[in-house]
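Working notes for the structure below.
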Ligand code: ADP
Ligand code: MG
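Numbering (UniProt numbering), first residue to last: 1 to 729.
Written out as structure tokens, the structure is:
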């Protein structure tokens, strides 16, 4: 009997929910481990408080002296909560989070006078050894120095007994080495561009904030079962495994009652989130068995991105207490739904207006339409860049795999807004007559209902859908850091809004138009120019693939193809003009993503080769030997008649040999392709070789192994099966 699988099953099937009780109401706990406004008021001098507020609201630099005061207050607050260490908490280009803990502890030069020390210098800057983080060749290793610097727009928080200070990560030569710097730059670009455009409608607007509400999907698998699968442990997904007879066909998991163990985990997790100020609100079962979703109330984008990164870390830690393993991979199981991370995105003014929400007056609706149409135009003109922003080896399994959004970018807006756009398209060129303007304001712009009903009946197949008061970018992978997608989306919309303003100004100046006339004229042209990106139909259908190709939309199914857009001239110029990436940074990131892709496929190939040979083949041979013994026995008893009596066994023996041969030859061929790929020196070519030459063997090997899984005696099969992974609650 294969011990690990059956031990794991034994362990998992006898588990009870861990005892958990909430310590207090959510509203009482919320943010109590965050150095927020309330804590700052208590622990900071008024000057220090003002300094932090100015830094948050206006990006004002914090002077060193002030930093000392802030650090002092932060330290007092943290010590009062039993904290012993502090760390700069950052998001290197690995996509995860990084921390290096230092104790709040110093001794004087002669070893006496131990004190709890944490000053402005430690708050503002730390030097982790940057050489071990990906940098895409930005730094030579001999000058492998980088530093982290405090980002006051995201508040410090306590996790366990450590004070975590959100920071950016920069090379000494000035380039960004993390995901946060470009995001902050993109957010500042969209703030500036959108504020300028808002002034056409409301002079009082001084700041525009991009908002983000992510929806995190994940699988929750019993720890013992997950640990019994080497592929899950090493690659985050099952490389082998026959689909379970029951999967999600009955749709009996989605929105069903949450299993007790999972629910207890969620309650514990939610409490941690409350303490950390992560405003989680919604929890429910997802489509696949053992798949769930968690969503917060939306926040300012930088904070929301930090909160999502932190959440992913906290989810895994809390899971340990409940004997679960969280799978964030986009496609951990073949044959059942994968996981995504919808990014709900909008723009909000400091006057409290959601710029993507239709409202009651024609004027504010013209503002809505302006931002709405500019967003569509931005996606239209930069669809390849947006596609590139969500490309990863693991998300490739989802995009275009007939369930999640397709690899083709398109925008869904619903019937009502489609009608509004087509009416705006026939607006007169040049100055509008007073009658036409009145008519437009009353009957077109003014008639947009402030609640867009038809959007409740959403098109779930669209990768980028307008959902009433926000756009929902659905193609983001569940395992991704949202910053890549958010940096790109905010950047392309910022660029678009700058162009819009220039075009409107140009019409006002050169054609002597009124502001409204100019806006209508520019929007009309945008609608005409953005037709190819609008699509209301079934995004999974073959018809759409054909139609999209005709429209000239890209359809990149793999990461190496998709991410080329990141270093196109258009992208490099766009990012550089907005001050988000210079060419060096953009190209370094491109290299890093290629390398990451290659490594991921390389690891999968190795793990697959190992388990196919070490687990599957020996098991198959063992079972085949039993069959051979059986045939021998039958021969002994029945003599020459054995051939008819042992007919099925003999077929099986041959079939098993066929699959063993299949696995062996394919693993060998795959290994050869890997060796060839490893000889390549160009990162793009290597990634392509892994994608097109190595990866195709995965399916072949899997097919043989999965067939064997059905043939071999269940008692001897070593790898925990799909039905066990997916249906153990
Ligand atoms: P669903 O898409 O599952 O039907 P909702 O539409 O209620 O759910 O919201 C999904 C997510 O959208 C939530 O995380 C929510 O916080 C977020 N959201 C709602 N309004 C905005 C907004 N103005 N900006 C960004 N995110 C938003
Ligand atoms: Mg949603």
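Backbone N, C-alpha and C define an ideal beta-carbon position, used for all residues, glycine too.
- At least one heavy atom of the ligand ADP is found less than 7 Å from the C-beta of residue 215.
- Between residue 617 and residue 663, the C-beta gap is smaller than 8 Å, which places the two residues in contact.
- With respect to the 8 Å criterion, residue 672 and residue 95 are not classified as neighbours on the basis of their beta carbons.
- For residue 115, the pairing in a beta bridge is given by DSSP as 106.
- Per DSSP, residue 690 is not a residue of any beta strand (DSSP E), being assigned neither H nor E.
- Each residue's CA atom was taken as its position, placing residue 31 and residue 156 some 11 Å apart.
- Selection 344, 614, 273 evaluated against residue 311 yields 273 as nearest (Cα-Cα).
- C-alpha of residue 649 to C-alpha of residue 631: approximately 7 Å in a straight line.
- Under the DSSP assignment, residue 434 falls in the alpha helix (DSSP H) whose first and last residues are 434 to 439.
- When secondary structure is reduced to three states using DSSP, residue 188 falls in the helix class.
- Per DSSP, reduced to three states, the secondary structure at residue 217 is strand.
- With a minimum length of 4 residues, the unbroken runs of alpha helix (DSSP H) contained wholly in the segment 260 to 288 fall at 260 to 275.
- Taking 7 Å as the cut-off, the C-beta of residue 349 does not count as close to any heavy atom of the ligand ADP.
- The C-beta distance from residue 326 to residue 254 rounds to 19 Å, too long to fall under 8 Å, and the pair is not in contact.
- Residue 165 is bridged by DSSP to 88.
- For residue 158, no alpha helix (DSSP H) segment is defined; the enclosing uninterrupted segment is the beta strand (DSSP E) at 157 to 159.
- Here the segment 2 to 9 does not lie against the segment 44 to 55, with fewer than 3 beta-carbon pairs under 8 Å apart.
- At a threshold of 7 Å, residue 190 does not count as near the ligand ADP, since its beta carbon sits no closer than that to any of the ligand's heavy atoms.
- By the beta-carbon neighbour count (other beta carbons within 10 angstroms, threshold 16), residue 279 is buried.
- Judged by DSSP in its simplified three-state form, residue 248 adopts coil rather than helix or strand.
- In the displayed model, residue 327 falls within a strand according to three-state DSSP.
- By the C-beta density criterion, residue 25 is exposed, having fewer than 16 other C-beta atoms within 10 angstroms.
- Excluding residues up to 5 positions away in sequence, 393 lie with their Cβ nearer than 6 Å to the Cβ of residue 600 in the same chain.
- In this model, residue 169 and residue 516 are separated by some 44 Å (Cα to Cα).
- According to DSSP, residue pairing for residue 299 in a beta bridge involves 212.
- Taking 7 Å as the cut-off, one finds no heavy atom of the ligand ADP near enough to the beta carbon of residue 3.
- In the three-state reduction of the DSSP assignment, residue 662 falls in the helix class, which pools H, G and I.
- For residue 699, the number of other beta carbons within 10 angstroms of its own is below 16, and it is reported as exposed.
- Within its own chain, the residues whose Cβ lies closer than 6 Å to the Cβ of residue 216, once the five positions on either side in sequence are excluded, are 294, 341, listed in chain order.
- Leaving aside the five residues that flank residue 195 on each side, the residues in its chain whose CB is nearer than 7 Å to its CB run, in chain order, 205, 206, 207, 208.
- CA-to-CA, the gap between residue 75 and residue 694 works out to about 52 Å.
- For the 8 Å CB-CB criterion, residue 473 and residue 497 do not form a contact.
- One Cα belongs to residue 65, the other to residue 118, and the distance between them is close to 14 Å.
- In this structure, the beta-carbon distance from residue 120 to residue 71 falls below 8 Å.
- Between the beta-carbon of residue 461 and that of residue 538 there is about 5 Å, and that keeps the pair under the 8 Å contact cut.
- Partner residues in the beta bridge of residue 150, as assigned by DSSP, are 167.
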